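Novice: Here it is: the structure, laid out below.
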Amino acid sequence: SQQGEEDPQALSIQEGENATMNCSYKTSINNLQWYRQNSGRGLVHLILIRSNEREKHSGRLRVTLDTSKKSSSLLITASRAADTASYFCATDVGNNRLAFGKGNQVVVIP
Amino acid sequence: GAVVSQHPSWVICKSGTSVKIECRSLDFQATTMFWYRQFPKQSLMLMATSNEGSKATYEQGVEKDKFLINHASLTLSTLTVTSAHPEDSSFYICSAPVTPTNEKLFFGSGTQLSVL
Chain B
325 SQQGEEDPQA LSIQEGENAT MNCSYKTSIN NLQWYRQNSG RGLVHLILIR
375 SNEREKHSGR LRVTLDTSKK SSSLLITASR AADTASYFCA TDVGNNRLAF
425 GKGNQVVVIP
Chain D
97 GAVVSQHPSW VICKSGTSVK IECRSLDFQA TTMFWYRQFP KQSLMLMATS
147 NEGSKATYEQ GVEKDKFLIN HASLTLSTLT VTSAHPEDSS FYICSAPVTP
197 TNEKLFFGSG TQLSVL
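Residue numbers (this note's numbering), protein chains in the order written: chain B, 325 to 434; chain D, 97 to 212.
In structure tokens:
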């Protein structure tokens, strides 16, 4: 079952700007993950935030988690052309199975 | 990081034929692998969990006789799309956790299947 859901937006930003995307989910979670997918390729794990964490950083990525609202956001700071991709959040639905949200397509214009 | 190799990258076949897709963990042993399906500009849909040495666990609505999964070794899982039809055309992706308790997944590069 699909649980993580992003606002199905397509973001188009200038290089150097920040990109923010959101994700909502429906049930209790142990953790929430964000993945990136370049066109026609597999997914690459970006960051994992646990249910007892509110914010996490990794390089230019900042993830927040609000378990009361069942939502998460991913911020990419100082975007680069190479950040052009689709971004998905994912939640564990048991036995290490991940349910992915709809994805946000981000285009960074050089 | 761990590497998951998926082959072939793309395949075109005639309706009614069967297609096998391989997923290999190159530098770790994967007792569990996951198969996903993705339509253009859509999310990934989990199809099944491939279990080494035992039967695969299919998600609700996925036909197990249509999508045969075999996980004969700790480094190889295969997905066979049997009697393929145009509606089976899709992007198929496999993934595996580097350890059974590790939540993070490593993904293959995907297989684009086009059924004529």
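Using N, Cα and C, we set each Cβ at its ideal position, and we do this for glycine too. Because the structure is a prediction, the values reported are computed rather than measured.
Is it right to say B/Asn376 is buried, meaning 16 or more other beta carbons lie within 10 angstroms of its own, or is it exposed?
Specialist: By the neighbour-count rule (16 or more Cβ atoms within 10 Å), B/Asn376 is not buried but exposed.
Novice: Please list the partners that B/His369 has in chain D, where partner means a Cβ-to-Cβ separation under 9 Å.
Specialist: Gly97, Lys200, Leu201, Phe202 and Phe203, listed in chain order.
Novice: What is the residue span of the beta strand (DSSP E) that B/Tyr349 lies within?
Specialist: That residue, B/Tyr349, is in no beta strand (DSSP E); it is neither H nor E in DSSP.
Novice: Just curious, the beta strand (DSSP E) that B/Glu379 is in, first and last residue?
Specialist: Looking at the DSSP string, the run of the beta strand (DSSP E) that includes B/Glu379 is Glu379 to Ser382.
Novice: Does any residue of chain A bring its CB to less than 9 Å from the CB of B/Asn376?
Specialist: No chain A appears in this structure, whose protein chains are B and D.
Novice: Please specify which runs of the beta strand (DSSP E), each continuous and at least 3 residues long, are wholly inside the segment 117 to 173 of chain D, giving them in chain order.
Specialist: Whole beta strand (DSSP E) segments, 3+ residues: 128 to 134, 140 to 147 and 163 to 169.
Novice: Which class does D/Pro182 belong to by DSSP, given the choice of helix, strand or coil?
Specialist: Helix at D/Pro182.
Novice: Once the 5 residues before and after B/Phe412 are set aside, which same chain residues still bring their CB inside 6 Å of it?
Specialist: Tyr359, Phe424, Gly425 and Gly427, listed in sequence order.
Novice: Does the segment 185 to 201 of chain D come into contact with the segment 130 to 138 of chain D, if we say contact requires no fewer than three beta-carbon pairs (one atom in each stretch) closer than 8 Å?
Specialist: The segment 185 to 201 of chain D, when compared against the segment 130 to 138 of chain D, does touch it at the 8 Å Cβ threshold.
Novice: Name, going along the chain, the residues of the segment 134 to 162 of chain D whose beta-carbon falls closer than 9 Å to a beta-carbon of chain B.
Specialist: Within the segment 134 to 162 of chain D, the residues whose Cβ lies closer than 9 Å to some Cβ of chain B are Gln134, Lys137, Gln138, Ser139, Leu140, Met141, Leu142, Thr145, Thr153, Glu155 and Gln156, listed in chain order.
Novice: Among the candidates B/Leu367, B/Leu335, B/Glu341 and B/Lys393, whose CA atom is the shortest distance from the CA of B/Thr351?
Specialist: Per the Cα distances, B/Lys393.
Novice: Under 8 Å, with one C-beta from each stretch per pair, do the segment 99 to 106 of chain D and the segment 371 to 386 of chain B reach the 3-pair mark?
Specialist: No: the two stretches stay apart, fewer than three of their Cβ pairs being nearer than 8 Å.
Novice: Alpha carbon to alpha carbon, how far is D/Leu172 from B/Ser348?
Specialist: The alpha-carbon atoms of D/Leu172 and B/Ser348 are separated by roughly 34 Å.
Novice: Pull the bridge partners of B/Arg386 from the DSSP assignment, please.
Specialist: Beta-bridge pairing links B/Arg386 to B/His381 and B/Leu399.
Novice: Which residues in chain B have a C-beta closer than 8 Å to the C-beta of D/Ile189? List them in chain order.
Specialist: Per Cβ cutoff of 8 Å: Gly366 and Leu367.
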